[in-house]
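In the numbering used here, the protein residues as written are 2 to 98. Glycine residues also receive a C-beta, built at the ideal position from the N, C-alpha and C atoms.
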């Protein structure tokens, strides 16, 4: 009986641990998306983020974020951001995919 109780307890602990990790991941991802979205909107108001590549390593081994966004006019741009402050580093036109 004790062994069964212990196994059920460990199972529920594992389920709650996985749920907690998922909630933290979704929260961090939404913060990332909102921060990059607000940084992009300072450059191009009304634009929407199409996709974010979380980490990209440059030739100088610096890790940055890359995002593809679409403007109101329908043009797509690829932007690079610093990892800590989400400051726009580079912005170039890109084909929409």
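Inset, instruction - Please name the residue, chosen from 61, 90, 75 and 22, that lies closest to residue 68 on a Cα-to-Cα basis. - result: 90
Legend entry - Limits of the unbroken alpha helix (DSSP H) element including residue 28: 3 to 44
Legend entry - Unbroken beta strand (DSSP E) run spanning residue 48, endpoints: It is not in any beta strand (DSSP E) - residue 48 carries neither H nor E in the DSSP assignment.
Inset, instruction - Quick one: measure Cβ to Cβ for residue 48 and residue 42, integer angstroms, because I've assumed they're closer than 8 Å. - result: 6 Å
Inset, instruction - Would you kindly work out how many angstroms separate the C-alpha atoms of residue 3 and residue 12, rounded to a whole number? - result: 14 Å
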